[in-house]
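Comments concern the structure below.
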Amino acid sequence: MMAFGQDPERSLADAYIIPAFRGEQTFMPTSFLEIVELPDGRIELRRAEDEGSLVTLDFSEDAKVFLQGQHVEVAKAMLSVGVQMAGRLVEGEFDKEEGPRVLH
Numbered sequence: 341m342m343a344f345g346q347d348p349e350r351s352l353a354d355a356y357i358i359p360a361f362r363g364e365q366t367f368m369p370t371s372f373l374e375i376v377e378l379p380d381g382r383i384e385l386r387r388a389e390d391e392g393s394l395v396t397l398d399f400s401e402d403a404k405v406f407l408q409g410q411h412v413e414v415a416k417a418m419l420s421v422g423v424q425m426a427g428r429l430v431e432g433e434f435d436k437e438e439g440p441r442v443l444h
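So, in structure tokens, the structure goes:
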């Protein structure tokens, strides 16, 4: 395993691999997901065996300053919670909401 920062394309992925959802797979096969910091600073979630992005996060410079350079840790937390939530949705733990949703 490489230390973070040695290889800008793979280092974050090597440090942080999360298992994908289990249970009835309706839209994503069972595999491992990885979080990768790209050379341009964007952070993406993708399947470990695939180069295609599932989710991409791009923090502004202002956000990086506000987060005191800890944007990678924030991204890992955001993506981990998102994967957990998606797994719970797939397993039927949540009812679909009806009507418009307001995001704050």
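Using my numbering, read the sequence shown as starting at 341 and increasing by one per residue. Beta carbons are placed, not taken as given, at the ideal position from N, Cα and C, and that holds for glycine. Only a predicted model underlies this, so the values are computations on that prediction, with no experimental measurement involved.
- Inter-residue Cα distance where the pair is valine 430 and valine 421: Their backbone Cα atoms lie some 14 Å apart in a straight line.
- Query: Whose CA, out of Leu419, Glu401, Pro440, lies closest to the CA of glycine 381?
  - Reply: The residue among Leu419, Glu401, Pro440 with its C-alpha nearest the C-alpha of glycine 381 is Glu401.
- Message: Can you tell me whether alanine 426 sits near the ligand GDP, meaning its C-beta is under 6 Å from at least one heavy atom of the ligand?
- Response: The ligand GDP is not part of the structure shown, which contains no ligands of any sort.
- How would you label threonine 370, buried or exposed, when you count the other beta carbons within 10 angstroms and need 16 or more for buried? For threonine 370, the predicted structure reports a pLDDT of 45, less than 50, and the residue's modelled location is therefore unreliable. The matter cannot be settled from this model.
- Item | Straight-line gap, arginine 387 to methionine 418 (C-alpha atoms, nearest Å) | Arginine 387 and methionine 418: Cα-Cα distance of roughly 17 Å.
- Item | Three-state class that DSSP yields for arginine 387 in the structure shown | In this structure, arginine 387 counts as strand in the three-state DSSP scheme.
- How long is the line joining the alpha carbons of threonine 396 and glutamate 433, rounded to whole angstroms? Spanning the alpha carbons of threonine 396 and glutamate 433 requires a straight line of approximately 26 Å.
- Beta-carbon contacts of glycine 392 that lie in its chain and below 8 Å, excluding the five residues immediately before and after: Once the five neighbours on either side are set aside, the close Cβ partners of glycine 392 are Arg386.
- Task: Could you please give me the residues that DSSP links to serine 400 through a beta bridge?
- Result: Note: serine 400 sits in no beta bridge, so no partner.
- Query: In angstroms, rounded to a whole number, what distance separates the CA positions of glutamine 424 and leucine 378?
  - Reply: Roughly 23 Å between the two C-alpha positions.
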